[in-house]
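Participant:
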Amino acid sequence: MKALPVEPSGSSINIGARLRGVRQQQRMTIDQVAELSGLTKGFLSRVERDLTSPSVSTLLKLCEVLGIEVGTLFEVPDTTLVRLAEAPRISLGGSGITEQLVTPRGEKRVQVIRAEVEPHGIGEAELYSVDCELEVLHVASGVFTLVLPEQRIELAAGDTMTFPGREPHSWENPGNEPAIVFWTLVL
Numbered sequence: 018m019k020a021l022p023v024e025p026s027g028s029s030i031n032i033g034a035r036l037r038g039v040r041q042q043q044r045m046t047i048d049q050v051a052e053l054s055g056l057t058k059g060f061l062s063r064v065e066r067d068l069t070s071p072s073v074s075t076l077l078k079l080c081e082v083l084g085i086e087v088g089t090l091f092e093v094p095d096t097t098l099v100r101l102a103e104a105p106r107i108s109l110g111g112s113g114i115t116e117q118l119v120t121p122r123g124e125k126r127v128q129v130i131r132a133e134v135e136p137h138g139i140g141e142a143e144l145y146s147v148d149c150e151l152e153v154l155h156v157a158s159g160v161f162t163l164v165l166p167e168q169r170i171e172l173a174a175g176d177t178m179t180f181p182g183r184e185p186h187s188w189e190n191p192g193n194e195p196a197i198v199f200w201t202l203v204l
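The sequence shown begins at 18 in this note's numbering and counts up by one.
1. Under 8 Å, with one C-beta from each stretch per pair, do the segment 112 to 121 and the segment 151 to 165 reach the 3-pair mark?
2. Rounding to the nearest angstrom, what Cα-Cα distance links residue 75 and residue 58 in this structure?
3. Alpha carbon to alpha carbon, how far is residue 70 from residue 149? Give it in angstroms, no decimals.
4. Which of the three DSSP states is assigned to residue 183 in this structure?
5. Please identify the residue among 199, 173, 177, 187 whose C-alpha is closest to the C-alpha of residue 131.
6. My understanding is that residue 114 touches residue 134, with C-beta atoms under 8 Å, so please give their C-beta distance in whole angstroms.
7. Give the secondary structure of residue 75 by DSSP, where H, G and I count as helix, E and B as strand, and everything else as coil.
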């Protein structure tokens, strides 16, 4: 029987970087993993930097120490690209504003809305709130005013404001130039 030649795909899986990510996520030091696994810190460091590949038995031991299934190291992460030109337009109210949802429509954890606000564009006259845990407003260019019940906060390009999602608010662009802002809603 003739063996079929299998050519390498050219893509490598950086399991070391993934192991390091899991270790750090669990707030474990390399010393702790070395002690629990019986491996040396130097070897673990080389594995985490993908300079050496662990044997199957060593990989199983590391996964046991980290409390993960071996297969998770080989899973391809779920990624989605939303190009600005294809991002759907939405309307949350106000005048002089063009809004686009730049995260996938089905994303249930977070939404990012890119808004271009014309000079002197203005939000709703009555303060409103959004049904989310947290809002993050980032001004990419121009000037922008966030209106809260007790205060008006003037923001400039590069400024970021974080506040509870259910906090009543509105907004305006007091400037003579368009403002580009990003609203991040943590659901």
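Yeah, the Cβ is synthetic: ideal placement off N, Cα and C, and Gly gets one too.
Facilitator: Based on what the coordinates show:
1. By the Cβ rule, the segment 112 to 121 does not count as touching the segment 151 to 165, because fewer than three pairs are nearer than 8 Å.
2. Near 14 Å, if we compare the C-alpha coordinates of residue 58 and residue 75.
3. Cα atoms of residue 149 and residue 70: separation of roughly 44 Å, rounded to the nearest angstrom.
4. Assigned with DSSP and collapsed to three states, residue 183 falls in coil, not helix or strand.
5. When only C-alpha atoms are compared, the closest one is 199.
6. 5 Å between Cβ atoms; contact.
7. In this structure, residue 75 counts as helix in the three-state DSSP scheme.
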